[in-house]
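Take 1010 as the starting number for the sequence shown in my numbering and just add one per residue.
For each residue, glycine too, the CB sits at the ideal point set by N, CA and C.
Structure record follows, encoded as structure tokens.
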Amino acid sequence: MRRKFSLVTSVASLALSASIAMVLFAGAAQAQQKVILKFSHVVAEATPKGRGVLKFREVAERLLPGRVQVLVFPNSQLFGDSKELDALLAGDVQFIAPSLSKFERYTRKLQVFDLPFLFDDIDAVDRFQHGPVGRALLDSMTGRGIKGLAYWHNGLKELSTDRERLRRPEDIRGLKIRIQPSDVLDAQFRALGAIPEKIAFSEVFQALQSGVVNGQENTWSNIYSQRFHEVQKTIAVTNHGVLDYMVVTNAAWWNKLPPDIRSGLQQAMDEATAYANKLALDLNEKDRARIVRAGRARVEPLSKEDIAAWRKAMEPVWSKFEMQIGKDLIQSALKSNS
Ligand code: LMR
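Take a look at the structure:
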């Protein structure tokens, strides 16, 4: 009886150790599996975002040799504006970096960045993004399955049109202006008496060239790399708003990554962020100079009085969105100016 019992237990323990070994083996195989991830974006590679993504790939593959492969798809090659967030949630792409104006369907809080003339300069934007309130906004969409990993700068926006005269708000009255998909930007141009049109980034050049719209607002690097200056007559140096990015990933995918891969990717993201943010101002200044040199669109510098007129004309947008965005949030963004 005792012998029979010990035979049964030793058979059972053999089976147990075999299954433990199988689990360990499967675990080891999984741990060694290469993670292939796609990073898709809509701009050219010679832009702050384009360069940031390449830096992320370089650092991630250096820190995690043989463990990750980063496939980069610039210029809306894989997904354009209207598809990239859905693709991220469907698991068809793992990293995207839309501008902060493109998250309205998922959170109203990021609308704070679209308020005209909120930030004095990009340093103020940086202080806000890296302070506790800005950092908390990275998690404002986790309930919707989107995790923010970092902010990346592009820069301040300028306004361009196909008209010779562009100095004062009345100069764009009645004109059609391309905007990103943001209700704040829609309200901004309506306040100016213009007609805003939401158009995907990849279609803007053609829309400007064919006259579907008369103008647009963007940073120097986007204007230059997309050749908008070749199909516009005047670019006014308004610096009226910010165009920055949030690098986001699929929260469920991120949380399931093996911890060493997750922390390696986070480190690569931190390095790419520092690199891209340092580069942004310089790249935009260089592209502004290139646009001037190209001599196609005329760059119109504005006086203090001109800027004050634009600021005043856009003021109604603030009260319209104050409740939706939250007064406290707006106040803490404003504090970053000092
Ligand atoms: C735009 O749509 O104008 C920008 O958001 C494009 C970009 O990603 O910089």
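Beta strand (DSSP E) segment containing residue i, residue limits
i	result
valine 1240	Run containing valine 1240: none; DSSP gives neither H nor E here.
glutamine 1225	1224-1227
glutamate 1309	1307-1309
leucine 1080	1077-1082
lysine 1047	1044-1049
Residue range of the unbroken alpha helix (DSSP H) whose run includes residue i
i	result
tyrosine 1284	1268-1303
serine 1085	Serine 1085 -> no alpha helix (DSSP H), and no H or E assigned at all.
aspartate 1337	1336-1344
glutamate 1070	1057-1072
glycine 1143	1141-1146
glutamate 1093	1090-1099
Contact belief for residue i with residue j at Cβ below 8 Å, rounded distance in angstroms
i	j	result
leucine 1046	valine 1077	7 Å
glutamate 1226	lysine 1166	5 Å
threonine 1170	threonine 1243	6 Å
aspartate 1253	valine 1326	Between valine 1326 and aspartate 1253 the Cβ distance is about 18 Å, and since that is not below 8 Å, they are no contact.
isoleucine 1208	histidine 1162	So it is not a contact: roughly 23 Å between Cβ atoms.
serine 1049	valine 1102	5 Å
alanine 1195	glutamate 1113	It is worth fixing the name first, because residue 1195 is aspartate in this sequence and not alanine. Incorrect: roughly 10 Å between the Cβ atoms, too far for contact.
glutamate 1309	arginine 1176	6 Å
proline 1205	phenylalanine 1198	4 Å
glutamine 1189	tyrosine 1160	Their Cβ separation, rounded to whole angstroms, is 16 Å, which puts glutamine 1189 and tyrosine 1160 out of contact at 8 Å.
proline 1057	alanine 1289	4 Å
methionine 1278	valine 1256	7 Å
glycine 1059	valine 1052	6 Å
aspartate 1129	asparagine 1264	38 Å between Cβ atoms; not a contact.
arginine 1153	asparagine 1223	With 8 Å as the limit, arginine 1153 and asparagine 1223 do not qualify as a contact, their Cβ atoms being about 35 Å apart.
phenylalanine 1210	aspartate 1095	Not a contact, Cβ separation roughly 16 Å.
For residue i: DSSP bridge partner residues
i	result
methionine 1255	Tyr1160
serine 1211	For serine 1211, which the question treats as bridged, DSSP gives no partner whatsoever.
glutamate 1167	Asn1227
arginine 1187	Glu1206, Gln1225
valine 1193	According to DSSP, which records beta bridges pairwise, valine 1193 is partnered with nothing at all.
serine 1108	Tyr1254
isoleucine 1316	Note: isoleucine 1316 sits in no beta bridge, so no partner.
isoleucine 1155	Asn1259
Cβ neighbour criterion (16 or more within 10 Å) applied to residue i
i	result
threonine 1247	buried
leucine 1311	buried
lysine 1344	exposed
asparagine 1293	buried
methionine 1332	exposed
serine 1085	buried
leucine 1338	buried
aspartate 1296	buried
glycine 1220	exposed
leucine 1109	buried
alanine 1145	exposed
isoleucine 1334	buried
glutamine 1179	Sequence check: residue 1179 is glutamate here, not glutamine. It counts as exposed.
lysine 1156	buried
alanine 1342	buried
proline 1107	buried
arginine 984	For the chain, the structure presents residues 1010 to 1347; residue 984 sits outside this window and is missing.
alanine 1261	exposed
lysine 1287	exposed
aspartate 1291	exposed
alanine 1306	buried
glutamine 1235	buried
histidine 1249	buried
alanine 1030	Unreliable placement is indicated for alanine 1030, whose pLDDT of 44 sits below 50; no coordinate value is reported for it.
alanine 1099	exposed
leucine 1217	buried
glycine 1273	buried
serine 1230	buried
threonine 1018	Caution applies to threonine 1018, whose pLDDT of 49 falls short of 50 and renders its modelled position unreliable; the value that the coordinates give is listed next. By the 10 Å Cβ count, threonine 1018 comes out exposed.
glycine 1202	exposed
leucine 1080	exposed
proline 1268	exposed
lysine 1185	buried
glutamine 1340	exposed
glutamine 1042	exposed
alanine 1298	exposed
glutamate 1324	exposed
alanine 1021	Only weak support exists for where alanine 1021 lies, its pLDDT of 48 falling under 50; the value from the coordinates is given anyway. The residue in question, alanine 1021, is exposed, as its Cβ has fewer than 16 Cβ neighbours within 10 Å.
arginine 1066	buried
Near the ligand HEM: residue i beta-carbon under 7 Å from a heavy atom
i	result
asparagine 1231	This structure lacks the ligand HEM; its bound ligands are the ligand LMR.
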